[in-house]
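One structure is given here, and the rest of the page talks about it.
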Amino acid sequence: MRSSSWSEPPRSATGWTWRMTVMRVGLNVEQLFHSAPGGIGRYTARLATLLTTLEPADEVTAFAAAHPPASVRRVMATYGLARPALLGLPRPVLYDLWHLAGAPSLTTLSRRLRGLDVVHAPSGAVPPRGRAALVVTLHDAGFIEHPETFTRRGRRFHAQGMKAAVERADRIITVSRAAAVEVARHTGLDDSRLRVVPHGADQIEVSPDDVERVRRTFAIGARPYVFCVSTQEPRKNLRLLVAGFGRAVERHGLPHLLVLVGARGWLHEEIADMPGATSLGDRIRVLGRVADADLFPLYRGAALFALPTRHEGFGLPVLEAMGQGTPVLCSDVPPLVELVGEAGELVPHDEELWAGAIARLLDDRDRREALSAAGLRRARELTWDRCVRATRAVYQEAIASRA
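The opening position of the sequence shown corresponds to residue 418 in my numbering, with each subsequent residue numbered one higher.
Structure representation (structure tokens):
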């Protein structure tokens, strides 16, 4: 099917169309309990908090697998959530039952999930079809496109989840047109059920004092730095960034640090073991996962944001960097071409090209300032409010399709 046929949910002249005064929504927030929630975690958290903020009459019930009380309290405190309905089974057991047996139902597992109008699965775990309409977000088909970057269990989980989504969902959301084309290519879905709803950027004000604070906190000092936010897993291609940055430093005498933020993911490789890392020494700062209060000042303070990912569904850190006015350098994979356009530098997966692009941009202040301005304009087009309103419109479509 032609990519031009993919559409966002229908709108009225004044905005996204509502068809109900009140909706009762069940939202799977299990991603927030992962050790590396990633961009899907941020997406899930924004849905959980903004659905009722934007439409206070709606009732949103979060749900998750079985977790210890301490984990539940941590997630509630971190993301500002009400207590989720816990389904009484550990994550692996629950997901295998859902995907392989199509049971147990949400209403069997929790009384709090009875009487819902719509259920949303914002990651690859798809509950059984019940009386409520079902919406599933499929972020990409990376497990098919790049199977070597996933564990065997990861490939199986995503394959089962995609199959369940195709069989059960009333509407399927993808987060970019490129992802919609990819999902359709591997599933045969057409635009009767697929909807494109891009992510948004947090509109967070960062002061110079905030930037100075994180420079002190993470021992960056006054040195300029290249910044990357990415889960440490193979498809994010951090090996290319480390190698390209190392070559740029060696050839051009750059004073910059390379600052990396992100939790360890599956099949992760220690940054210190990557080719070129040893010669860089303390120029590489691996900060792990950081709080938003530190993350956004780190974006703002960077001379350049760089992401050489091999595959994406959307590329949320790229949008967040643009939203802070940080010039962006990223790989030329289709979702990032779609997201960035003329607002950033797009480079193929080649070490020499990356080394050259890093050196050229760090030496060209005028180009960085132009990219900063273009990125800010692009980020203003994509907000979480817009994402959540469009998602709510998809819920309405899904509910209406059951009538």
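Just so you know, even glycine gets a beta-carbon here, dropped at the ideal spot from N, CA and C.
- Short of 6 Å from the beta carbon of Gly742, and not among the five residues preceding or following it, lie these beta carbons of its own chain, in chain order: Ser789, Leu793.
- Straight-line measurement puts the Cα of Ile701 at about 29 Å from the Cα of Gly758.
- Taking a 10 Å sphere around the C-beta of Ala720, we find 16 or more other C-beta atoms and assign the residue as buried.
- Separation of the CB atoms of Val553 and Ile589 is rounded to 5 Å, and the pair is thereby assigned contact status at 8 Å.
- As the crow flies, the alpha-carbon of His669 is around 7 Å from that of Ala776.
- Per DSSP, Ile561 is one residue of the alpha helix (DSSP H) stretching across 559–562.
- Rounded to the nearest whole angstrom, the CA to CA distance from Ser647 to Ile637 is 19 Å.
- According to the DSSP secondary-structure assignment, Cys804 is paired through a beta bridge with no residue.
- Three or more beta-carbon pairs separated by less than 8 Å link the region 626–637 to the region 710–729, which places the two stretches in contact.
- Contact between the region 532–544 and the region 454–474 is present: three or more C-beta pairs spanning the two stretches fall below 8 Å.
- In this structure, DSSP gives Ser748 an extended state, which the three-state scheme calls strand.
- As DSSP reads the structure, Gln649 sits in a beta bridge with Arg681.
- In the DSSP assignment, Ile590 falls within the beta strand (DSSP E) that extends over 588–591.
- The three-state secondary structure of Arg441, taken from DSSP, is strand.
- In this structure, the straight-line span from the alpha carbon of Ala796 to that of Glu737 is close to 8 Å.
- Scanning the region 477–562 for uninterrupted alpha helix (DSSP H) segments of 4 residues or longer gives 486–496, 508–513, 523–526, 559–562, listed from N- to C-terminal end.
- Counting only runs of 4+ residues, the alpha helix (DSSP H) found wholly inside the region 718–746 occupies 733–740, in chain order.
- Between Leu799 and Pro615 a beta carbon distance of about 6 Å is seen, short of the 8 Å cut, so the two are scored as contacting.
- Under the three-state reduction of DSSP, Glu472 is assigned to coil, being neither helix nor strand.
- Scanning its chain for C-beta atoms nearer than 8 Å, with the 5 sequence neighbours on each side dropped, one finds around Glu562 the residues Glu599, His728, in chain order.
- About 12 Å separates the beta carbon of Ala723 from that of Leu753, a gap too long to meet the 8 Å contact definition.
- Straight through space, the alpha carbons of Ala549 and Pro521 are spaced by roughly 15 Å.
- Taking 8 Å as the upper bound for CB-CB distance, Glu472 and Arg441 are not in contact here, some 12 Å apart.
- Counted as a single uninterrupted DSSP element, the beta strand (DSSP E) harbouring Gly705 occupies residues 701–705.
- Residue Gly732 holds the alpha-carbon nearest to the alpha-carbon of Ala596 among Trp515, Glu565, Leu526, Gly732.
- A straight-line Cα-Cα distance of about 10 Å links Asp781 and Ala774.
- Ranked by Cα distance from Lys653, the options Val678, Ala665, Leu674 are led by Val678.
- Here the C-alpha atom of Pro765 lies approximately 20 Å from the C-alpha atom of Pro564.
- DSSP places Leu611 inside the beta strand (DSSP E), whose first and last residues are 611–613.
- Residues of the same chain with a CB within less than 7 Å of the CB of Leu530, apart from the 5 flanking positions on each side, are Gly443, Thr478, Phe480, Ala502, Leu523, Thr524 in chain order.
- Boundaries of the alpha helix (DSSP H) harbouring Leu788: 782–798, taken from the DSSP string.
- Apart from sequence neighbours up to five positions away, the residues of its chain that approach His484 with a beta-carbon distance below 7 Å are Phe450, Leu503, ordered along the chain.
- In the DSSP assignment, no residue is bridged to Ala708.
- Between the C-alpha atoms of Gln577 and Ala518 there is a straight-line separation of about 11 Å.
- The beta-carbon separation of Ala482 and Arg508, rounded to 4 Å, stays under the 8 Å limit for a contact.
- If you look at Val600, you'll find it in the alpha helix (DSSP H) that goes 594–604.
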